[in-house]
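Q:
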Amino acid sequence: MDNKQPPQYDIKDLNSLLPISGTVINVCGGDEGISETLKSMLYKKLLWTDEEYCPIGVPQRLLPSPLLSDENGLEIWRTIVKLPTYYQMSAEIELLEERGNELSRLVPPNAIMMDLGCGDVRKIKPLLDELESLNKDVWYFALDLSRESLERGMRMLLSLKYKHVRCYGLWGTFDDGLTWLNNQPFENSRFFMSLGSIFGNDHFSDAVNQLSTWRRQAFRSETDAMLLTMDATHDVVTLWESYHDLPGHFEQFIRNGYRHSNRVLGHEWYRDEDWEFRGVVQDEPLMHRFVIQSNKPIDCPPLRLHLPTGTEIDCYEAFKYSPDMMRREFAESGFAEIECWKAPRAQIYQYLLVSTRAQEL
């Protein structure tokens, strides 16, 4: 992490290029742009007719995860993360509280920090607090599809009255956020954060491809880095209980995502009563997913959708890759691991990564 620094804008110059701290920047084209993005995802992964979606060589119908995060879904999610059986967010916060000081010293000064799919910014607060305590100037950009969530997060961060950490929201997809960043004139070091098991959480080859693509398109300097979290829990009971709470909040969360797809598509192809709901745990690799199965034929002519009884649609695939498997992902996607930290009371790991292929930068 001591490589030559790229040309960088200082505080005064960079502040002159950006709006005031706390601003949510529209990088997606607004509600219409978000709707078109979600619709495109649905046609590719769920509604396909001719070109099958086959991530592992067999046809699969899958509800894209961004459909889960409308305003109602986010409200349910805020309940889920407070459940005693849902360990992932609390463990990640605990990890950042324990290791935040060490990590903050590895963030380059004047860095552009981009939190990919930030969700609840309470998760990143321990790291931002440590950066502020070091008087280290950084620019934090929270990237998310939900404008409401970003506005809520900015209000919370502004209340902390940071002097050295300047906070912004980026409203859009990962691609939208990266396009915006690549079009900016500043070349400050980039520090990407994939918290909550986002990058790396896929079938192995797809996870490698996603990481490799991001490295090629997002990394511009030898000082650029990514902090990546992955859940490596292998206790099946713990895993099952974290997704199957007795009040049924997770089922509400998933079904709400399907109802959201009705609104995005403009047609009611999904009705709760037509679909049975269950969870599935599979081995090699260990992964939990939710499945809905139709109990009758599903027909929606405007969408060219005709599904027989018994059709299954997957959602919310959560892979539980061990550190060894993650290191295979990193090696094959062109990343080197600089540091690795484990949560005190859970199998939650954070990896600090840099590119191994400087000649491509």
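For the sequence shown, the numbering used here begins at 277 and goes up steadily by one. Each residue gets a CB set at the ideal place from its N, CA and C atoms; glycine is no exception. Bear in mind the structure is a predicted one, so any value in this text is a computation, not a measurement.
(1) Less than 7 Å between the C-beta atoms of residue 620 and residue 374, yes or no?
(2) Can you tell me which of the three DSSP states residue 592 falls into?
(3) Quick check on residue 596: buried or exposed, where buried means 16 or more other Cβ atoms within 10 Å of its Cβ?
(4) Could you pull out every residue in the same chain whose Cβ sits closer than 6 Å to the Cβ of residue 632, ignoring the five residues on either side in sequence?
(5) Does residue 391 pass the burial test, meaning 16 or more other C-beta atoms within 10 Å, or should it be called exposed?
(6) Smallest Cα separation from residue 471: which of 489, 448, 505 and 485?
(7) Return the chain-ordered ranges of every alpha helix (DSSP H) run that is complete within the segment 517 to 605 and spans a minimum of 4 residues.
(8) Where does residue 626 sit, in a helix, a strand or coil, going by DSSP?
(9) Nearest-angstrom Cα distance between residue 405 and residue 399?
(10) If you reduce the DSSP assignment to three classes, tell me which class residue 450 lands in.
(11) To the nearest angstrom, how far is the alpha carbon of residue 436 from that of residue 446?
(12) Locate the beta strand (DSSP E) running through residue 501, then write down its first and last residues.
(13) Apply the 10 Å Cβ neighbour rule to residue 478 and answer buried if 16 or more other Cβ atoms are within range, or exposed otherwise.
(14) How many angstroms separate the CA atom of residue 366 from the CA atom of residue 575?
(15) Under a three-way DSSP split, which group does residue 397 fall into?
(16) In or out: residue 486 buried (at least 16 other Cβ within 10 Å) or exposed?
(17) Residue 442 bridges to which residues according to DSSP?
(18) Among 516, 298 and 584, which one has its Cα closest to the Cα of residue 432?
(19) Of the residues 425, 550 and 535, which one's Cα is nearest the Cα of residue 543?
(20) Going by the CB atoms, is the gap between residue 452 and residue 304 shorter than 7 Å?
(21) CA-CA distance, residue 295 and residue 440?
(22) Buried or exposed: which applies to residue 493, given that a residue is buried once 16 or more other Cβ atoms fall within 10 Å of its Cβ?
(23) What does residue 389 pair with, by DSSP beta-bridge criteria?
(24) CA-CA distance, residue 385 and residue 465?
(25) For residue 532, which residues from the same chain have a beta carbon less than 8 Å from its beta carbon, with the 5 sequence-adjacent residues on both sides left out?
(26) Write down the C-beta distance between residue 569 and residue 551 rounded to the nearest angstrom, noting that I regard them as a contact closer than 8 Å.
(27) Using the three-state DSSP reduction, which class does residue 328 fall into: helix, strand or coil?
(28) Kindly list the residues whose CB is nearer than 6 Å to the CB of residue 279, restricted to its own chain and excluding five residues on each side of it in sequence; keep chain order.
(29) Could you name the residues that DSSP lists as bridge partners for residue 612?
(30) Taking only three categories from DSSP, how would you classify residue 474?
(31) So for residue 484, helix, strand or coil by DSSP?
A: Inspection of the coordinates gives the following:
(1) yes
(2) strand
(3) buried
(4) 610 and 612
(5) buried
(6) 505
(7) Along the length of the segment 517 to 605, whole alpha helix (DSSP H) runs at least 4 residues long occupy 525 to 541, reported in chain order.
(8) In the structure shown, residue 626 sits in a strand (DSSP, three-state: E or B).
(9) 11 Å
(10) DSSP places residue 450 in helix when its eight states are reduced to three.
(11) Residue 436 and residue 446 have their C-alpha atoms roughly 19 Å apart.
(12) Where residue 501 is concerned, the enclosing beta strand (DSSP E) stretches over 501 to 507.
(13) buried
(14) Their Cα atoms are separated by approximately 42 Å.
(15) helix
(16) Buried, by the Cβ-count rule.
(17) 415
(18) 298
(19) 535
(20) yes
(21) 16 Å
(22) Residue 493 should be labelled exposed.
(23) 416 and 467
(24) 8 Å
(25) 344, 346, 348, 349 and 352
(26) 7 Å
(27) coil
(28) Reliability of the predicted coordinates at residue 279 is poor, the pLDDT of 47 falling under 50, and the value obtained from them is presented with this limitation in mind. The answer, listed in chain order, is 498 and 499.
(29) 630
(30) coil
(31) Reduced to three states, the DSSP call for residue 484 is helix.
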